[in-house]
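Chains as they are written, first to last, in my numbering: chain A, 24 to 137; chain B, 2 to 115.
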């Protein structure tokens with residue numbers, strides 16, 4: 024069975040500081056990996072995805088994530104936090120060949136301190 | 002362009018009532034997904050359609066939950082005899098090609114059962 028673990032349900036960073044949100048998955052075969060962001064009262068918006076090409080994936084709003092097979096991780100980073108980055112972030116996996124079913128982590132709430 | 006839309010955005014139901022939640026996917030998208038997101042949790046998969054065919058309904062929590070997509074576009078999630086534990090945000094997502102692994106989410110319907 025697939026599972027996704029997001030370490031840290033709440034993360035606080037100062038404006039301009041590095042953002043690091045952690046995601047680990049459990050799967051014998053590397054799945055597709057995604058990061059989504061959710062602003063209050065809005066649907067999830069795709070930040071970036073890893074489907075099998077380069078292991079360092081660049082997304083929107085300056086975010087990027089690196090797939091590390093040996094660590095079964097897909098951590099999300101941004102060099103310099105902006106106030107507008109405050110939101111809920113979800114890591115998700117989709118097993119290959121299963122019809123695109125997603126399994127989400129429990130989310131990390133990012134607070135940006137001015 | 003038009004994204005995924007859902008209606009109503011908010012629904013309050015008394016315990017025991019039946020509810021119907023609507024999802025309008027992005028035009029031309031083949032795959033459609035329903036998720037349930039409890040407060041403070043990540044979305045959990047409910048069911049998946051490819052065109053009008055319901056290919057996976059393994060996530061539906063009970064036989065009170067029923068989903069349909071009769072013409073391969075609009076979908077309705079119906080919950081019969083609602084219970085308090087059904088209170089959640091119900092998210093709909095669509096995908097152009099289910100094998101690619103990218104879903105576009107609607108804003109959700111927040112259901113409160115009193």
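Beta carbons are placed, not taken as given, at the ideal position from N, Cα and C, and that holds for glycine.
- Listed along chain A, no residue sits closer than 8 Å to residue 29 of chain B by beta-carbon distance, the nearest being about 16 Å off.
- Neighbourhood of residue 92 of chain B in chain A, by CB distance below 9 Å: 66 and 67, in chain order.
- The segment 70-80 of chain B makes contact with the segment 8-28 of chain B, as at least three CB pairs between them are under 8 Å.
- DSSP links residue 112 of chain A through a beta bridge to A/60 and A/131.
- Not a single CB atom of chain B sits nearer than 7 Å to the CB of residue 28 of chain A.
- Bounds of the beta strand (DSSP E) holding residue 8 of chain B are 6-8.
- With 16 or more other CB atoms across the displayed protein chains lying within 10 angstroms of its CB, residue 68 of chain B is buried.
- Just measuring C-alpha positions, the residue of A/99, A/63, A/135 and A/36 sitting nearest residue 115 of chain A is A/99.
- When the Cα atoms are used, residue 84 of chain B and residue 114 of chain B turn out to be separated by approximately 6 Å.
- Under the three-state reduction of DSSP output, residue 81 of chain A falls in the strand class.
- Across the set B/87, B/45, B/24 and B/105, the C-alpha of B/87 shows the shortest separation from the C-alpha of residue 112 of chain B.
- Counting the other Cβ atoms within 10 Å of the Cβ of residue 27 of chain A gives 16 or more, which makes it buried.
- Shown here for residue 13 of chain B: same chain residues with a beta carbon closer than 6 Å to its own, the five before and five after excluded, namely 113 in chain order.
- DSSP places residue 37 of chain A in the strand class (E or B) of the three-state scheme.
- The three-state secondary structure of residue 53 of chain B, taken from DSSP, is coil.
- B/37 is the residue among B/23, B/37, B/44 and B/8 whose C-alpha sits nearest the C-alpha of residue 63 of chain B.
- Sixteen is the threshold: since fewer than 16 other Cβ atoms of the shown chains lie within 10 Å of the Cβ of residue 91 of chain A, the residue is exposed.
- Taking 3 residues as the minimum length, the beta strand (DSSP E) runs contained wholly in the segment 13-89 of chain B are 20-25, 32-38, 45-51, 54-57, 66-69 and 76-80, in order along the chain.
- Counting every other CB atom within 10 Å of its CB across the protein chains shown gives residue 41 of chain A a total below 16, marking it as exposed.
- A Cβ-Cβ distance of about 20 Å is found for the pair residue 44 of chain B and residue 97 of chain B, leaving them out of contact under the 8 Å criterion.
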